[in-house]
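A.B. asks: Sequences listed follow chains A and B, in order.
For the first sequence, the numbering used here begins at 512 and goes up steadily by one.
For the second sequence, the numbering used here begins at 16 and goes up steadily by one.
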Amino acid sequence: MSSMETSNLTGRTFRKMFAEGKRFDGRGLNDFRAIEVTYNVSNKAEGSARVKVGKTDVAVGIKLEIGTPYPDSPDKGNIMVSGDLLPIASPRFETGPPKFNAIELPRLVDRAIRESGMLDLHKLVITPGEKVWTVIIDVYPLNDDGNLVDVATLAAVAALKTAKLPALKENGKIDYHAKPTGPLPLSSETYPITLTFYKLGESIFLDPTREEEEACDSRVALGLSKWNGKYMINSCQKGGETPFTKAELEKMMDLLPGKFDEINERLKKFL
Amino acid sequence: MKNTINEAQELGDSAESPSIEETVKKRRVVIPGEVIVSGEDYLPGDGARRVGADVLACKFGLAEEAGRVVKVLALTGAFVPRRNNVVIGRVTNITFNGWVVDIDAAQSGFLPIDESPRFINKNEMDQFLAIGDVIVAKIWSVNVRGVDLSLKSKGLGKIEGGFIFRVIPNRVPRIIGKEGSMITLIKDKTGCDITVGQNGWIWIQGPTTDAEIKARRAIEFIADKAYITGLTEKMEEWFTQN
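1) Which first and last residues belong to the alpha helix (DSSP H) in which B/Glu251 is found?
2) Count the other CB atoms within 10 Å of the CB of B/Val211; is the residue buried (16 or more) or exposed (fewer)?
3) I need the straight-line Cα distance from A/Lys672 to A/Arg544, nearest angstrom please.
4) Tell me which residues of the segment 722 to 747 of chain A have at least one Cβ-Cβ distance to chain B shorter than 8 Å, keeping chain order.
5) Taking Cβ-Cβ distances shorter than 7 Å, what residues in chain B pair up with A/Phe535?
6) Kindly indicate if chain A contains any beta-carbon less than 8 Å away from that of B/Arg186.
7) Have a look at B/Ala152 and B/Thr107 and give me their C-alpha separation to the nearest angstrom.
8) With burial defined as no fewer than 16 other Cβ atoms inside 10 Å of the residue's Cβ, what is the status of A/Phe529: buried or exposed?
9) With a CB to CB cut of under 6 Å and the five nearest residues on each side skipped, what residues in its chain are close to B/Glu36?
10) Residues of the segment 518 to 547 of chain A in Cβ contact with chain B at a cutoff of 7 Å, in chain order, please.
11) Counting beta carbon pairs with one atom in the segment 698 to 716 of chain A and one in the segment 660 to 668 of chain A, are three or more of them shorter than 8 Å?
12) Along the segment 170 to 196 of chain B, where does the CB come closer than 9 Å to a CB of chain A? Name the residues.
13) Please list the partners that B/Val70 has in chain A, where partner means a Cβ-to-Cβ separation under 9 Å.
14) Is it the case that the segment 564 to 573 of chain A contacts the segment 641 to 661 of chain A, given that we only count it when at least three CB pairs across the two stretches are under 8 Å?
15) Check whether the segment 160 to 176 of chain B touches the segment 128 to 147 of chain B, taking contact to mean three or more Cβ pairs, one atom from each stretch, closer than 8 Å.
16) List the residues of chain A whose Cβ lies closer than 7 Å to the Cβ of B/Thr91, in chain order.
17) Tell me, please, which residues DSSP counts as bridged to B/Val101.
18) Quick check on DSSP: helix, strand or coil for A/Thr705?
19) Based on DSSP bridge pairs, tell me the residues matched to B/Asn108.
20) Is any beta-carbon of chain A found at less than 8 Å from that of B/Asp306?
21) Comparing the C-beta of B/Val149 with each C-beta of chain A, is any distance below 8 Å?
22) Is A/Ala530 helix, strand or coil by DSSP?
23) In or out: A/Met764 buried (at least 16 other Cβ within 10 Å) or exposed?
24) Please state whether DSSP places A/Lys780 in a helix, a strand or coil.
25) If we call anything under 8 Å between Cβ atoms a contact, is A/Asn589 one with A/Gly607?
26) Could you tell me whether any non-hydrogen atom of the ligand ADP is closer than 7 Å to the CB of A/Thr673?
27) What is the rounded straight-line gap between the Cα of A/Gly683 and the Cα of B/Leu71?
28) Tell me which residue opens and which closes the alpha helix (DSSP H) that B/Val95 is part of.
29) Return the residue from the list B/Thr223, B/Val187, B/Thr244 that minimises the CA-CA distance to B/Ile217.
30) Give the interface partners of B/Thr210 over in chain A, defined as CB-CB distance under 8 Å, in chain order.
31) Do A/Leu676 and A/Gly657 count as a contact pair if the criterion is CB distance below 8 Å?
32) Taking only beta-carbon positions, decide if B/Thr224 is within less than 8 Å of chain A.
See the structure below:
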């Protein structure tokens, strides 16, 4: 990796190549790179996973704490997603107060998971109105070769699947020495993912590498899930300045179900 | 712009040279701290050090014994600018008397207005080189204040068309090959114009998109296999298969 940004020159070449439907690594415009999942990478976390998509590499840890519910949702547990763009991941990331990207990444992951409903928050209540479980999802990018949001969501969901609820002591504190009581109240029906579509010139593409992502004009991140055989968009966020046309959005919608199933199928190999 | 191969110096890498290969025992990949050889007869060279009777590697690279000297040719590392290196950089800023150029080194490069190939009006500097433009430049001095660049030579100047990408700078000598044999092979097989900067940035422009993609994949193949001897033959084989 290098700190030099993708130049206007290379951007113009991408524009031309994408118009012809070609990419440097030989993929089609809507193909994902190879996905690889490793579970239980952290022995202190209640659940963890590390997902590699091409050279992009993200580790996620789940920590469970006992907290108080928010006043507007006394009968619900809490989810908290935090992320940190570590300098180890890319020469573009510096230590210091979080910048725009570092704030956006965990928010997109949070929204995709929360709104998909895969985690039943009502079942995370210990004493209604007083004590609930707080699920803390920590996202750590280890290497950034583009498409961090999609990979982070894959890793977060994979980590949630392996997380175990710890047992409680008599006094209501967590007993880390006792056997965990069981998995989190997750729905086995859906495995939510995010798909971020990127636009450069007239072309729409998925899963960009670092240089492709930097050259792109705009992007839209969609949080997806599947319930009762129906595909749903749970969240949506656009970035960049160039608008998407109606025709482009319709093209994306046509792609969504196929891509959702394909990625779910590829993930199932690792479960 | 006239595109010539950057006749880069072989930076201590002589893999394609048969004369040295005869005296050199088989190279192998070592990691820092690994014992390369034991015995008082050996002398530690570049990238190696002596601890007691052993010669250890200080770098990740290829261990090589040439006579009594044991050295390690690094496989990774940052670009260290040297005088007369030809580099590919990106203009990041324009000052009153020149351009600041990111050359992907620890220091940024500076191209003074006097080092441009023709007269430039100080009020119209961005007409010649704007922010984000890519140039091929030569380093004419490296000092504490920074790296000074020049465009006053054949084959240097602003790049138009094509694209640039990066490989690990240590592997640039392998991409060029002995007297440019490797890069000439790639140019002949793909029909692309290629300029290799010593900082690891490579510019390719070809007749078709497919030719450009092929040239890039060929170069990335070499950069991946930099530790193998006889790469030019491997490359010819690669071109028959792809």
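Quick reminder that beta carbons are idealized off the backbone N, C-alpha and C, glycines included.
C.D. replies: From the atom records:
1) 246 to 256
2) buried
3) 23 Å
4) Glu722
5) Ile228, Arg231
6) no
7) 14 Å
8) buried
9) With a pLDDT of 46 at B/Glu36, under the threshold of 50, the modelled position of this residue cannot be trusted, and the question is left open.
10) Ser518, Asn519, Leu520, Thr521, Thr524, Lys527, Met528, Glu531, Lys533, Phe535
11) yes
12) Ile174, Glu175, Gly176, Gly177, Phe178, Ile179, Phe180, Arg181
13) Residues of chain A passing the Cβ test: none, with the nearest at roughly 31 Å.
14) yes
15) yes
16) Within 7 Å Cβ-Cβ: nothing; B/Thr91 doesn't reach chain A, min ~11 Å.
17) B/Lys153
18) strand
19) B/Val115
20) Outside the modelled stretch of chain B, which goes from 16 to 257, sits residue 306 of chain B, for which no answer is possible.
21) yes
22) helix
23) exposed
24) coil
25) no
26) Within the structure as shown, the ligand ADP is missing, as the structure has no ligands at all.
27) 56 Å
28) Here B/Val95 belongs to no alpha helix (DSSP H), and DSSP marks it neither H nor E.
29) B/Val187
30) Chain A residues near B/Thr210: none, gap ~12 Å exceeds 8 Å.
31) no
32) yes
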